[in-house]
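Participant: Below you'll find the structure I mean.
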Amino acid sequence: MEKQDLRRLNALQYIVDTKYGYVGELIINIGEVFANEFVSLGFVIMGYTRDDKTWRVSELAKRYYSVVS
Amino acid sequence: MKCHVVLWIPTLVYTGFDEPLITQVERNISDIPEKEFFVKLELVNGKDFCISIRNDDGNYITFVELERVSVSWNGLIQYTYKSTSAKEKGFRFTTTEFPTAIYHLIKSFYHVHDFHDADADSTFRPYLSDGKVDIKAENNGAILHYLRMYSEFMSNSVRNLQFAIRSVRENKKLIQPDTRSFIQKLCLFAKGYEVYMGVLYRSKYNTICKTSSSVRDWRHIACNIENGMNYVRTIEQEYGEYNQQTFVEDVEQEALSSLKSARWSIGLGWGSVVLGVASIVSAILSINLANKVSQRSSLELQQVAGSLKQNIGTIPSEISIINTKLDSLSRKSIQSSEIMNEIVKRQWTIIHRLDGKGEE
């Protein structure tokens, strides 16, 4: 598997395993490029608490990960 | 401070957004289970929005009001609002921040998700501006912003489709029906966006984002959009044919292996029949042999029985001979013992006589 593919797979694994969290931590763990990509594809859904931006993994992402892993 | 936001609502037919699907929605928009954050959106005067947040005491307080400024037939709605912020990092409406969760909720007032689950909706960043935007002007900032978002979405879709197909081929998962259907679902997801984004892309207000544009950056963006969609359609077609071919090959393979198994089974069956017949023949032969042996044995037994009978017949006469001899023996034994007694008597007599002479 190519390096970029491996990075993508690891990023997918992170969001599927972690399930939800704060956006700041997400960007630290998978990088801004993958974070933006997953948001634009509907793999990651953005939310809010009063204090911070949040994220959660979508069913589409879980299904996608099960296919590619 | 007054801010402006232009939201793109996927539409096919110009409606003016005068007939919303719902008039109110209440939702927890936090993804952290232990930190719920409820917001309520209410349609005011049929076009404006009042956005409230729920406090710890359970009551809703108005947080921000969106006032509709203008709409265009290609799906753009412009709102204005006053900059409002609960906390520095969190939920806020400013010139640089408009919560995408609220954008998604506003969309639900006017749009039904046809080609995907509501949960799997792609999130475009809202277009924000310091001042009012003329959304009916040629190549206005809002329409170009969303076309750029569309191009990013197409590039990301292509990248992830390619990755998915590579992974599936490596892992040999193509033969599984649910994998096939999921790849097709990804293609449908992208094609669904083409249906709605095509309205913006072909809008008369878009003259710069074309594959023939003289502006290089916009020419590239337009190429990304069109090439991306061509790729998705080709993958869907090829994958459909590949799947059909693979499916047919799979069926043929299964049929062949079933035929092989059937042949083996038939062979084994015939083998069993032959073995069965051989067993029967062997049993018959064994029975015949056993019969012959038993006949011979019976003959021999009869002979033995006959000689035994003869022998048994002679036994009484021999017993009487033995008895006679025993009688004679016992008579002789008595005679012997009488003789012995006489001898002993005569010896004592001699001994007594000798003792008498000695005393004299």
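These protein sequences, in sequence, are chains G and V.
Note that the first sequence covers residues 1 to 69 in our numbering.
Note that the second sequence covers residues 1001 to 1360 in our numbering.
Beta carbons are placed, not taken as given, at the ideal position from N, Cα and C, and that holds for glycine.
All values derive from a computational prediction rather than experimental measurement.
Output needed for residue 1219(V): all residues of its chain with C-beta closer than 7 Å, excluding positions within five of it in sequence on either side, in chain order.
Facilitator: Numbered from 1 along the second sequence, position 219 holds the residue referred to as residue 1219(V). Cβ within range, chain order: 1211, 1213.
Participant: Starting from the N-terminal side, write out each stretch of the beta strand (DSSP E) that is 3 residues or longer and does not extend beyond the stretch 1080–1168 of chain V.
Facilitator: List check, beta strand (DSSP E) in window: 1127–1129.
Participant: Return the first residue and the last residue of the alpha helix (DSSP H) that residue 8(G) is part of.
Facilitator: Along the first sequence, read from residue 1 onward, the residue named residue 8(G) stands at position 8. Residues 3–18.
Participant: Which one of 1003(V), 1107(V), 1024(V) has the shortest CA to CA distance from residue 1085(V)?
Facilitator: Residue numbering aside, residue 1085(V) sits at position 85 when the second sequence is read from its first letter. Nearest C-alpha to residue 1085(V): 1003(V).
Participant: Counting only the same chain and skipping the five closest in sequence on each side, list residues whose C-beta sits under 7 Å from that of residue 1156(V).
Facilitator: The count along the second sequence starts at 1 and reaches residue 1156(V) at position 156. Here the set comprises nothing.
Participant: Can you tell me whether residue 73(G) is helix, strand or coil according to DSSP?
Facilitator: No information on residue 73(G) is available, as it lies outside the stretch 1 to 69 that chain G covers here.
Participant: Would you list, in chain order, the members of the stretch 1260–1285 of chain V that have their beta-carbon closer than 7 Å to a beta-carbon of chain G?
Facilitator: Answer in chain order: no residues at all.
Participant: Below 8 Å between beta carbons: does that hold for residue 58(G) and residue 34(G)?
Facilitator: For this step, residue 58(G) is matched to residue 58 along the first sequence. For this step, residue 34(G) is matched to residue 34 along the first sequence. It is not a contact, given that the beta carbons lie outside the stated cut-off.
Participant: Let's test the definition: count the other Cβ atoms within 10 Å of the Cβ of residue 1275(V) and tell me whether it reaches 16, buried, or not, exposed.
Facilitator: For the purposes of this step, residue 1275(V) is identified with residue 275 of the second sequence, where counting begins at 1. The residue in question, residue 1275(V), is exposed, as its Cβ has fewer than 16 Cβ neighbours within 10 Å.
Participant: Considering residue 1066(V), what are the terminal residues of the beta strand (DSSP E) in which it resides?
Facilitator: For the purposes of this step, residue 1066(V) is identified with residue 66 of the second sequence, where counting begins at 1. Per DSSP, residue 1066(V) belongs to the beta strand (DSSP E) from 1060–1071.
Participant: At which residues does the alpha helix (DSSP H) containing residue 60(G) begin and terminate?
Facilitator: Position 60 of the first sequence holds residue 60(G). 59–68 is the extent of the alpha helix (DSSP H) around residue 60(G).
Participant: Strictly below 9 Å CB to CB, what residues from chain G border residue 1152(V)?
Facilitator: The count along the second sequence starts at 1 and reaches residue 1152(V) at position 152. By Cβ distance, chain G contributes 36, 37, 40.
Participant: Report the neighbours of residue 1099(V) on chain G: residues whose CB is nearer than 9 Å to its CB, in chain order.
Facilitator: Mapped onto the second sequence, residue 1099(V) falls at position 99. Result: 46, 47, 48, 53.
Participant: Taking only the alpha-carbon atoms, compute the straight-line gap between residue 1137(V) and residue 1171(V) and give it to the nearest angstrom.
Facilitator: By 1-based counting over the second sequence, the position of residue 1137(V) is 137. By 1-based counting over the second sequence, the position of residue 1171(V) is 171. Approximately 51 Å, taken between the alpha carbons.
Participant: Measure from the C-beta of residue 56(G) to each C-beta in chain V and report whether the shortest distance is under 8 Å.
Facilitator: The residue labelled residue 56(G) in the question sits at position 56 within the first sequence. Output row for residue 56(G): interface = yes.
Participant: Does the Cβ-Cβ distance between residue 1051(V) and residue 1069(V) come in under 8 Å?
Facilitator: Taking the first residue of the second sequence as 1, we reach residue 1051(V) at position 51. Taking the first residue of the second sequence as 1, we reach residue 1069(V) at position 69. No, Cβ-Cβ distance for residue 1051(V) and residue 1069(V) is not below 8 Å.
Participant: Using the DSSP secondary-structure output, state which residues sit across from residue 1209(V) in a beta bridge.
Facilitator: Here residue 1209(V) corresponds to residue number 209 of the second sequence, with the count starting at 1. Note: residue 1209(V) sits in no beta bridge, so no partner.
Participant: Note down the Cα distance separating residue 1162(V) from residue 16(G), rounded to an integer number of angstroms.
Facilitator: Position 162 of the second sequence holds residue 1162(V). Position 16 of the first sequence holds residue 16(G). Computed Cα separation, rounded: 20 Å.
Participant: Given this structure, state the Cα-to-Cα distance separating residue 1293(V) from residue 1302(V), to the nearest angstrom.
Facilitator: Taking the second sequence and counting its residues from 1, the one referred to as residue 1293(V) is at position 293. Taking the second sequence and counting its residues from 1, the one referred to as residue 1302(V) is at position 302. About 14 Å.
Participant: According to DSSP, is residue 1007(V) part of a helix, a strand, or is it coil?
Facilitator: Reading the second sequence from its first residue, position 7 is the one you call residue 1007(V). Looking at residue 1007(V) - three-state DSSP - the assignment turns out to be strand.
Participant: Does residue 63(G) come within less than 8 Å of chain V when only Cβ atoms are used?
Facilitator: Start at 1 with the first residue of the first sequence, and residue 63(G) comes out as number 63. Yes, residue 63(G) lies at the interface with chain V (some Cβ there is under 8 Å from its Cβ).
Participant: Taking just the CA atoms, how far does residue 1188(V) sit from residue 1229(V)?
Facilitator: Indexing the second sequence from 1 puts residue 1229(V) at position 229. Indexing the second sequence from 1 puts residue 1188(V) at position 188. If I take the Cα positions, the gap works out to 11 Å.
Participant: Anything in chain V within Cβ reach of residue 67(G), meaning under 8 Å, just list it in chain order.
Facilitator: Mapped onto the first sequence, residue 67(G) falls at position 67. Under the 8 Å cutoff, chain V gives 1164, 1167, 1168, 1173, 1179, 1182, 1183.
Participant: List the endpoints of the continuous beta strand (DSSP E) containing residue 44(G).
Facilitator: Along the first sequence, one-based indexing puts residue 44(G) at 44. Element bounds for residue 44(G): 44–48.
Participant: According to DSSP, residue 54(G) sits in a beta bridge with which residue or residues?
Facilitator: Within the first sequence, the letter at position 54 stands for residue 54(G). In DSSP, residue 54(G) forms a bridge with 22(G), 47(G).
Participant: Would you say residue 17(G) lies against chain V (beta-carbon separation less than 8 Å)?
Facilitator: In the first sequence, the residue the question calls residue 17(G) occupies position 17. Not closer than 8 Å to any Cβ of chain V, the Cβ of residue 17(G) fails to qualify, so no.
Participant: Give the interface partners of residue 1090(V) over in chain G, defined as CB-CB distance under 8 Å, in chain order.
Facilitator: Locating residue 1090(V) in the second sequence gives position 90, where the first residue counts as 1. In chain order: 48, 49, 50, 51, 52, 53.
Participant: To the nearest angstrom, how far is the alpha carbon of residue 1359(V) from that of residue 1350(V)?
Facilitator: Taking the second sequence and counting its residues from 1, the one referred to as residue 1359(V) is at position 359. Taking the second sequence and counting its residues from 1, the one referred to as residue 1350(V) is at position 350. Any answer about residue 1359(V) is weak, because its pLDDT of 44 lies below 50 and its placement is not dependable; what the coordinates show is given next. Taking the straight line joining both Cα atoms gives about 15 Å.
Participant: Hey, how far is the Cα of residue 1095(V) from the Cα of residue 1236(V)?
Facilitator: Counting from one through the second sequence, the residue named residue 1095(V) turns up at place 95. Counting from one through the second sequence, the residue named residue 1236(V) turns up at place 236. The straight-line gap from Cα to Cα measures roughly 41 Å.
Participant: Compute the Euclidean distance between the alpha carbons of residue 1282(V) and residue 1296(V), then round it to the nearest angstrom.
Facilitator: Against the second sequence, residue 1282(V) aligns to sequence position 282. Against the second sequence, residue 1296(V) aligns to sequence position 296. Computed Cα separation, rounded: 21 Å.
Participant: Where does residue 1047(V) fall in DSSP's three states?
Facilitator: Your numbering for residue 1047(V) matches position 47 in the second sequence. Three-state DSSP puts residue 1047(V) in coil, outside helix and strand.
Participant: Rounded to a whole number of angstroms, what is the C-alpha to C-alpha distance between residue 1256(V) and residue 1262(V)?
Facilitator: As a working mapping, residue 1256(V) is identified with position 256 in the second sequence. As a working mapping, residue 1262(V) is identified with position 262 in the second sequence. Cα to Cα, the separation comes out at about 10 Å.
Participant: Does the separation of the CB atoms of residue 1107(V) and residue 1009(V) fall below 8 Å?
Facilitator: In the second sequence, the residue the question calls residue 1107(V) occupies position 107. In the second sequence, the residue the question calls residue 1009(V) occupies position 9. A contact, by the Cβ cut-off of 8 Å.
Participant: Would you mind reading off the limits of the beta strand (DSSP E) that contains residue 1028(V)?
Facilitator: To locate residue 1028(V), count along the second sequence from 1; it is residue 28. First-last of the beta strand (DSSP E) with residue 1028(V): 1024–1028.
Participant: How about residue 20(G): is its C-beta nearer than 8 Å to some C-beta of chain V?
Facilitator: Locating residue 20(G) in the first sequence gives position 20, where the first residue counts as 1. At least one chain V Cβ lies under 8 Å of residue 20(G).
Participant: In the structure shown, what three-state DSSP assignment does residue 1039(V) receive?
Facilitator: Walking along the second sequence from the start, residue 1039(V) turns up at place 39. Reduced to three states, the DSSP call for residue 1039(V) is strand.
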